[in-house]
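In our numbering, the protein residues as written are 1 to 152.
All C-beta atoms, glycine included, are put in the ideal place defined by N, C-alpha and C.
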Amino acid sequence: MGKPDNPRFALMPDDEPTLPPKPRWLAWAIVVFMVLAVLGVLNIGWRVMRSAPAAVAQASPALAAGKALVEGSGCMRCHGFARQYVGPAFQQLADRYRGRADAPEYIARKIREGGAGEWGRAVMPRHPQLTQQQALQMAEWVLSLPPQGAAD
């Protein structure tokens with residue numbers, strides 16, 4: 001067996017190819033980025049929930065019950081208290097319908113039956129699992145919010 005024909009291509013046992021070690025800083029950078037992303041999402045959610053006017057909800061047990069229903073029914077997925085997301089802000093709803101005599105019943109019907117076209121292209125889904133009384137409590141809470149400029 002002698003020497004190979006071309007000594008440049010001969011592999012000796014000590015010459016096995018090895019990959020260079022991966023830098024640890026890259027793994028740490030990825031972990032730090034992921035932690036910061038999670039904290040950012042939690043911070044945004046906390047700010048949305050925190051921006052509710054607490055004094056209005058504490059004014060009466062019925063309003064507190066309406067606020068609890070709003071927070072527990074998934075309304076916060078589309079509506080903010082003072083900021084518009086997919087749907088209008090609760091304060092925008094209050095400002096638009098506060099002067100109507102049938103405002104609580106109208107909003108309660110929209111909560112239960114849904115609707116579209118009144119606030120742009122957004123579609124309000126139906127919530128038939130809520131009773132009429134629950135929808136009225138939610139509507140009363142929305143209408144009890146201060147005008148949009150007054151909460152700032």
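Original post:
Hey, how far is the Cα of residue 141 from the Cα of residue 104?
Top reply: 9 angstroms
Original post:
Under a Cβ-count criterion, where at least 16 other Cβ atoms within 10 Å of its own Cβ denotes burial, should residue 70 be classed as buried or exposed?
Top reply: buried
Original post:
Who are the near neighbours of residue 96 in its chain, counting only those whose CB is closer than 7 angstroms to its CB and skipping five residues on each side?
Top reply: none
Subject >> Where residue 122 sits in the DSSP three-state scheme >> reply: strand
Subject >> Proximity of residue 86 and residue 78 at Cβ, strictly below 8 angstroms >> reply: yes
Original post:
So what's residue 134 in DSSP terms, helix, strand or just coil?
Top reply: helix
**OP:** Using beta-carbon positions only, say whether residue 121 and residue 113 come within less than 8 angstroms of one another.
**Re:** no
**OP:** Output the boundary residues of the beta strand (DSSP E) element that contains residue 116.
**Re:** 115–117
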